[in-house]
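Colleague:
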Amino acid sequence: MTEAQEKNIPDVSSDFEPKIVAFCCHYCSYAAADLAGSMRLDYPTNIKILKIPCTGKVDVLYLLRAFEDGADGVIVAGCEEGTCHFINGNIKAKKKVKYTKKILDDIGLGGDRLEMYNLSAAMGQKFADLAKEMTERIKKLGPSPVNSGA
Amino acid sequence: MIVGEQKPIEEISKMIAEYKTVLVMGCNTCIAVCHAGGEKEVGILASALRIKNKVEGREQNIEEASMERQCEREFVDELADKIKEADCVLSLACGVGPQTIVEFYPDTIVLPGINTTFYGMPKEQGFFVEFCGGCGNCVLDMTAGICPIVRCSKSMLNGPCGGSQEGRCEVNKDIDCGWQLIHDRLKAQGKLDFMDEILPPKDWSPARHGGPRKMVREDLKIDEKPEDEIEGITKEGEK
Ligand code: SF4
Ligand code: SF4
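Sequence lines, in order, name chains A and B. Residue numbering for the first sequence follows my numbering, beginning at 811 and increasing consecutively. Residue numbering for the second sequence follows my numbering, beginning at 2 and increasing consecutively.
Spelled out as structure tokens, the structure:
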């Protein structure tokens, strides 16, 4: 086994705190995250939120750059299908996320490190849940080899 | 426009493996319009390759650059320094781009990141169709503006063949029968008698069958240099 492959072995040590970037739509998930805070819900602090006007603004390049710059996981969180303020920005995002997952699989980072969620501005609890879910998932996957290999 | 698509990352990765500094070079004309090799796709591919290298523990510099048209020397020359510094250029232009670089930068290793597929148009966003085969002797005037060379699977000049069924081609049910389209349009134009006209066998010498083609426009030339004195690696008589 090469050194690189060895580096690829997930580090399952419990002190690994993943860096997760969340692209959150201004109209839904950003407000939901805010609400989760107001509701004093407990959710992992691993999530770094980036507010965007609509998930339709998310681009394959943004997602890859986040991973290139060391994110262990990336979330795209948009409005529920059919409720996008810009008609279908979230549907466009869904396709871009699917396309990016394929690239991540092709380059050996794994598409599981990227996920899209749909929620409304009123779903503070769902935001807290998805933050937990993604943090757990990335903890299992281990640190991004981009960081350990650098 | 020329339509193409990016080669699989795995194939590209193998191709560039032995080079330390790779310049991923895009073209912002046709290949950008089909979302395969413009500035944005250069960014995406370069980013993906850098991540792949880190995942696999490989050291390699992946640089990015794009220009307006990789098929014209004036634009290519603007990036001369970057081209010369790189150990190889991975071109995301159609096949003309890499060969333009080869022509004027003979010492540079140039590799193709794109499979150039056809001359066509975007019928809608993300959906491209082939419309012309560059045959060098257009017959659209005889065929209601629909090309029998590329829109008939068999490039028949006097169609349809017996395989045309309900508007679909026998080669594949997803293909419109080009000759059905021609027939329907001629009918709509009241020119169905064109169908009775037998087009003679096509002279394919102006097409690829006559060997590599070139075009000289004396009225446009500035220099009166004979062809073999024009700069570039391709010289008349050496082909
Ligand atoms: S007849 Fe020849 S030139 Fe005309 S559209 Fe068809 S392939 Fe192109
Ligand atoms: S079915 Fe139509 S398109 Fe297909 S080969 Fe025959 S004439 Fe050409």
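Note that beta-carbon positions come from the ideal geometry of N, C-alpha and C, so glycine has one too.
Quick one: complete alpha helix (DSSP H) runs, 4+ long, within the region 151-200 of chain B?
Modeller: 179-189, all fully within the region 151-200 of chain B.
Colleague: Check whether chain B comes within 8 Å of A:LEU924, counting only Cβ atoms and requiring the distance to be less than that.
Modeller: No - not a single Cβ of chain B is within 8 Å of the one on A:LEU924.
Colleague: Under 8 Å between C-beta atoms, does B:ARG51 make it to chain A?
Modeller: So, interface residue.
Colleague: So, under 8 Å CB-CB, B:ASN1 and B:GLU65 are touching, yes? Tell me the CB distance rounded to an integer number of Å.
Modeller: What is shown of chain B runs 2 to 240, which leaves residue 1 of chain B out entirely.
Colleague: Considering only the alpha carbon of each residue, which of B:MET2, B:ILE3, B:GLN100, B:LYS21 lies closest to B:GLY233?
Modeller: Taking only the C-alpha atoms, the option nearest B:GLY233 is B:GLN100.
Colleague: Taking just the CA atoms, how far does A:GLY892 sit from A:LYS867?
Modeller: Their Cα atoms are separated by approximately 17 Å.
Colleague: Sorry if obvious, but does the Cβ on B:LEU187 come closer than 7 Å to a heavy atom of ligand 4?
Modeller: Judged by which ligands are present, ligand 4 is missing from the structure shown, whose ligands are ligand 1 and ligand 2.
Colleague: Kindly indicate if chain B contains any beta-carbon less than 8 Å away from that of A:PRO955.
Modeller: Yes, its Cβ sits closer than 8 Å to a Cβ of chain B.
Colleague: Within this structure, are the beta carbons of B:SER92 and B:MET157 separated by less than 8 Å?
Modeller: No, they are not a contact pair.
Colleague: Should B:PHE128 be labelled buried (16 or more other beta-carbon atoms within 10 Å of its own) or exposed?
Modeller: So B:PHE128 counts as exposed.
Colleague: Any contact between the region 906-917 of chain A and the region 850-860 of chain A? By contact I mean 3 or more CB pairs, one from each, below 8 Å.
Modeller: Touching, no, given that fewer than three Cβ pairs across the two stretches are closer than 8 Å.
Colleague: Since B:VAL34 contacts B:GLY121 with CB under 8 Å, what's their CB separation in whole angstroms?
Modeller: That belief does not hold up - the Cβ atoms of B:VAL34 and B:GLY121 are roughly 11 Å apart, past 8 Å.
Colleague: Using the DSSP secondary-structure output, state which residues sit across from A:GLY803 in a beta bridge.
Modeller: In the structure displayed, chain A extends from 811 to 960; residue 803 of chain A sits before or after that span and is not available.
Colleague: What does the Cβ neighbour count give for B:GLY39, buried or exposed, with the cut at 16 atoms within 10 Å?
Modeller: By the 10 Å Cβ count, B:GLY39 comes out buried.
Colleague: Using three-state DSSP, classify A:VAL870 as helix, strand or coil.
Modeller: If DSSP states are grouped into helix, strand and coil, A:VAL870 belongs with the helices.
Colleague: At a Cβ threshold of 8 Å, is A:ASP821 touching chain B?
Modeller: Any reading at A:ASP821 is ruled out, since the residue's pLDDT is 47, under 50, leaving its predicted position unreliable.
Colleague: Along the chain, where does the alpha helix (DSSP H) containing B:GLN71 start, and where does it finish?
Modeller: That residue, B:GLN71, is in no alpha helix (DSSP H); it is neither H nor E in DSSP.
Colleague: When the cut-off is 8 Å and only beta carbons count, does B:ILE10 lie next to chain A?
Modeller: By this cut-off, B:ILE10 is an interface position.
Colleague: Can you name, in chain order, every residue of its own chain whose Cβ lies under 6 Å from the Cβ of B:ALA145, other than the five neighbours on each side?
Modeller: These residues qualify, in order along the chain: ILE183, ARG186, LEU187.
Colleague: Can you tell which of B:GLU167, B:GLU75, B:GLN166, B:TRP180 has the C-alpha that lies nearest to the C-alpha of B:LYS155?
Modeller: If we check each option's Cα against that of B:LYS155, B:TRP180 comes out closest.
Colleague: Can you tell me whether B:CYS178 is buried or exposed? The criterion is at least 16 other CB atoms within 10 Å of its CB, across all chains shown.
Modeller: Classification for B:CYS178: buried.
Colleague: State buried or exposed for A:ASP882, treating a residue as buried only when at least 16 other CB atoms are found within 10 Å of its CB.
Modeller: By the 10 Å Cβ count, A:ASP882 comes out buried.
Colleague: Give a yes or no on whether the minimum CB-CB distance between A:VAL868 and chain B is below 8 Å.
Modeller: A:VAL868 does not count as touching chain B.
Colleague: Under 7 Å Cβ to Cβ from B:ILE150, same chain only, skipping five residues before and after it: list those, please.
Modeller: Answer for B:ILE150: GLY134, CYS136, SER156, listed in chain order.
Colleague: Quick check on the burial criterion: 16 or more other C-beta atoms within 10 angstroms. Buried or exposed for A:THR945?
Modeller: A:THR945 comes out buried.
Colleague: Could you check whether A:SER930 and A:CYS838 sit closer than 8 Å to each other, using their CB atoms as the reference points?
Modeller: Yes, Cβ-Cβ distance for A:CYS838 and A:SER930 is below 8 Å.
Colleague: For A:THR865 versus A:ASN898, is the C-beta spacing smaller than 8 Å?
Modeller: Not in contact: A:THR865 and A:ASN898 (Cβ atoms no closer than 8 Å).
Colleague: Which residues are close to ligand 2, meaning CB closer than 6 Å to any heavy atom, in chain order?
Modeller: Those satisfying the condition are, in chain order, B:CYS153, B:SER154, B:LYS155, B:MET157, B:GLY160, B:PRO161, B:CYS162, B:GLY164, B:SER165, B:CYS170, B:GLU171, B:VAL172, B:CYS178, B:GLY179, B:TRP180.
Colleague: Using a C-beta cutoff of 8 Å, does B:GLU56 count as contacting chain A?
Modeller: Reading off the sequence, residue 56 of chain B comes out as Val, not Glu. True, the Cβ-Cβ gap to chain A drops below 8 Å.
Colleague: Could you check if B:CYS31 is buried or exposed, using at least 16 other CB atoms within 10 Å of its CB as the buried criterion?
Modeller: Buried: at least 16 other Cβ atoms inside 10 Å.
Colleague: Considering B:GLU6, what are the terminal residues of the beta strand (DSSP E) in which it resides?
Modeller: Element bounds for B:GLU6: 3-7.
Colleague: Looking at the unbroken alpha helix (DSSP H) that takes in B:GLU86, where does it start and where does it end?
Modeller: 81-86 is the extent of the alpha helix (DSSP H) around B:GLU86.
Colleague: Whole angstroms is fine: what's the gap from B:LEU193's alpha carbon to B:ASN159's?
Modeller: Each residue's alpha carbon lies about 13 Å from the other.
Colleague: Taking the continuous beta strand (DSSP E) assigned at B:ASN54, which residues delimit it?
Modeller: Unbroken run through B:ASN54 is the alpha helix (DSSP H), 40-57; no beta strand (DSSP E).
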